[in-house]
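*Asks:* Before anything else, here's the structure in question.
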Amino acid sequence: MRFSSVKLLTALCAGILLTACSGGDPKLMNIKSTQAGPDEFSILPTKPLQEPPSYQALPAPTPGGTNVTDPTPNADAVAALGGQLRNTGLRGGEGALVTAASRYGVSASIRSQLAAEDLKWRQENRGKLLERLFNVNVYYSAYEAQELNQHRELERLRRLGIWTPAAPPDPVAAQ
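This is how it looks when you write it as structure tokens:
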């Protein structure tokens, strides 16, 4: 009897130890503003080192700036696809879009303002007690009030007489 209870206690302890080693749910949907993000995105391959033709022609060092071996994925992709590396500014109709978007002025602190407003919104819509207690992801339900109903917006635009050439079909009407 005593031997079987020791075996049972040993098996129970081993089970508890093994479950303590298991990981939790993925945290990609629960990223907080204090986290840096997943480690997978912080590892970047660098370009190979090359000896310059002349050490006299090297640019002056820029502490905290970029390095010759730093990865430049955008420039590398543009060069690989045969594009031009120089910045050409705005293309085609982008100038009209930027002008219309900035007609009331451009705030230099828009990112910090939006971050503060979003933090306030998330604090006011934190989820119910049990959702917080069991760490349930409430991302979609918290922002549901701000979600755009594309089909209702499409109907509104059509009632106003605005041309909508690339509108998707209504899934309810298609069935």
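Residues -19 to -1, 1 to 156 (mature numbering (1 follows the signal peptide of the UniProt record, and there is no 0)) are what the sequence shown spells out, left to right. Positions of the beta carbon are idealized from the N, C-alpha and C atoms, including for glycine.
So the alpha helix (DSSP H) Asn55 belongs to, where does it begin and stop?
*Replies:* In the sequence shown, counting from the first residue as 1, residue 55 sits at position 74. It spans Pro54 to Ala61 - the alpha helix (DSSP H) in which Asn55 sits, taken as one unbroken run.
*Asks:* Please classify Thr50: does DSSP put it in a helix, a strand, or coil?
*Replies:* Position 69 of the sequence shown, counted from the start, is the residue given in the question as residue 50. In the structure shown, Thr50 sits in coil (DSSP, three-state: anything other than H, G, I, E or B).
*Asks:* Is the beta carbon of Pro52 closer than 8 Å to that of Pro34?
*Replies:* Translated into positions along the sequence shown, residue 34 becomes position 53. Translated into positions along the sequence shown, residue 52 becomes position 71. Taking 8 Å as the Cβ cut-off, Pro34 and Pro52 do not qualify as a contacting pair.
*Asks:* Is the beta carbon of Ala148 sitting closer than 8 Å to the one on Leu135?
*Replies:* Position 167 of the sequence shown holds residue 148. Position 154 of the sequence shown holds residue 135. It is a contact, given that the beta carbons lie within the stated cut-off.
*Asks:* Taking Cβ positions, are Ala123 and Arg103 nearer each other than 8 Å?
*Replies:* Counted from its first residue, the sequence shown places residue 123 at position 142. Counted from its first residue, the sequence shown places residue 103 at position 122. Contact flag set, yes.
*Asks:* Express the C-alpha separation of Ala(-6) and Ser(-16) in angstroms, rounding to a whole number.
*Replies:* Numbered from 1 along the sequence shown, position 4 holds the residue referred to as residue -16. Numbered from 1 along the sequence shown, position 14 holds the residue referred to as residue -6. Roughly 15 Å separates the two Cα atoms.
*Asks:* Which class does Gly(-5) belong to by DSSP, given the choice of helix, strand or coil?
*Replies:* Stepping through the sequence shown from its first residue, residue -5 is reached at position 15. In this structure, Gly(-5) counts as helix in the three-state DSSP scheme.
*Asks:* Give the DSSP-derived three-state secondary structure of Gly142 in the structure shown.
*Replies:* Numbered from its first residue, the sequence shown carries residue 142 at position 161. Residue state, collapsed to three classes: coil.
*Asks:* If I follow the unbroken alpha helix (DSSP H) through Tyr121, where does it start and stop?
*Replies:* Looking up residue 121 in the sequence shown gives position 140. Looking at the DSSP string, the run of the alpha helix (DSSP H) that includes Tyr121 is Tyr120 to Ala123.
*Asks:* Identify whether Gly76 lies in helix, strand or coil by the three-state DSSP scheme.
*Replies:* Taking the sequence shown and counting its residues from 1, the one referred to as residue 76 is at position 95. Gly76: helix per DSSP, three-state reduction.
*Asks:* May I have the straight-line CA-CA distance separating Trp144 from Gly70, to the nearest angstrom?
*Replies:* The sequence position of residue 144 within the sequence shown is 163, counting from 1. The sequence position of residue 70 within the sequence shown is 89, counting from 1. Those two C-alpha atoms are separated by around 29 Å.
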